[in-house]
Amino acid sequence: MKKNAIVPKKIKGTILAFLLWSVFLVPLHAEENNADIAVIVSSQIRPYVMALEGLRSRFQQPLTIYYLNSNPELIRHHLTQKYYDLLIAIGPEASILAWSTLKPDDKKIALMVLDLQKLLADPEPCGVDLRIPIKDQIKLIKERLGDRKKIGILYNPVENREWIEQAQKQGSDLGVSVIPLPVHKRHEITKVLSSAYQNIDTLLFIPDSTVISMALLSHLVKDALLHGIAVVG
């Protein structure tokens, strides 16, 4: 039984804080500790909370924290009434609120968001996009896993059809077969994956709201490894 798995490096909140500090805060004031910074958090799920704690641990000055699920309209009102040197939005919902409320020239950055330009309707949004370029992902898989060249990807076509089509093209250019495993409902995943094991040697997880959940991922990873399938994502 083969037990190959690649665990991706997670972007730590402390690293993000360092980048924010060097890029945004240094130009704001001669004394950076006086910068007035607000953070909007989309929800209190663990990844967002960890990102927030990372920011808190790195900045010396206190941060004004808004949780979007408390009262979005009140937060919007506060943002229109008070000026912040920098607004940090964690998650897609917080980022949408920030971009729709603040002026184009206001300093703001989006973290933990997929497809920034598309989501925010901004050709040059400032932020950290969670989606790694397709070619880079496939190239890394090929380099790390050697002769494994049949990559299965679970996805909802409504959300990721274009991404899969691009991945198939990029994979072909690199000598790797990208095998689509479409699902429309979460309950379909186990059956689709079980049927695909004989045709794939690697399982790549991509950001997809139908497929990705902590409880489900834990089960899928264990099951794939038991079938000798390498897991990436």
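Per our numbering, the sequence shown starts with residue 10, numbered consecutively. Just so you know, even glycine gets a beta-carbon here, dropped at the ideal spot from N, CA and C.
Could you check what DSSP says for residue 230 in three-state terms: helix, strand or coil?
-> It is helical.
Under the three-state DSSP convention, the category residue 75 falls into = strand
Where does residue 235 land, buried or exposed, given buried means 16+ other C-beta within 10 angstroms?
-> exposed
Leaving aside the five residues before and after residue 73 along the sequence, list all residues of the same chain whose C-beta is less than 8 Å from its C-beta, in chain order.
-> Once the five neighbours on either side are set aside, the close Cβ partners of residue 73 are 45, 46, 47, 48, 93.
Does the Cβ of residue 167 have 16 or more other Cβ atoms within 10 Å, making it buried, or fewer, making it exposed?
-> exposed
What is the rounded straight-line gap between the Cα of residue 144 and the Cα of residue 179?
-> 6 Å
Decide if residue 223 is buried, meaning its Cβ has at least 16 other Cβ atoms within 10 Å, or exposed.
-> exposed
Looking at the structure shown, is residue 107 part of a helix, part of a strand, or coil, going by DSSP?
-> In this structure, DSSP gives residue 107 a helical state, which the three-state scheme calls helix.
What's the C-alpha gap between residue 196 and residue 169?
-> 18 Å
Given a cut-off of 7 Å, decide if residue 205 and residue 242 are closer than it, judged by their beta-carbon atoms.
-> no
Look up residue 136 in the DSSP assignment and give the residues it is bridged to.
-> Answer is 119.
Classify residue 178 as helix, strand or coil using the three-state DSSP reduction.
-> Residue 178: helix per DSSP, three-state reduction.
Buried or exposed (CB count within 10 angstroms, at least 16 for buried), residue 33 | Any reading at residue 33 needs caution, since the residue's pLDDT is 48, under 50, leaving its predicted position unreliable; the model's value is listed next. Residue 33 should be labelled buried.
Could you spell out where the beta strand (DSSP E) holding residue 211 opens and where it closes?
-> 211 to 213
Grab the span of the alpha helix (DSSP H) containing residue 57 for me, first residue to last.
-> 55 to 67
Does the beta-carbon distance from residue 50 to residue 61 come in below 7 Å?
-> yes
When DSSP labels each residue in this structure, what does residue 183 get in the three-state scheme?
-> If DSSP states are grouped into helix, strand and coil, residue 183 belongs with coil.
Could you give the distance in angstroms between the alpha-carbon of residue 126 and the alpha-carbon of residue 103?
-> Between residue 126 and residue 103, the alpha-carbon positions lie close to 15 Å from each other.
What are the partner residues of residue 92, as DSSP defines its beta bridges?
-> For residue 92, which the question treats as bridged, DSSP gives no partner whatsoever.
Going by beta carbon distance, what residues of the same chain come within less than 6 Å of residue 229, once the five residues before and after it are set aside?
-> none
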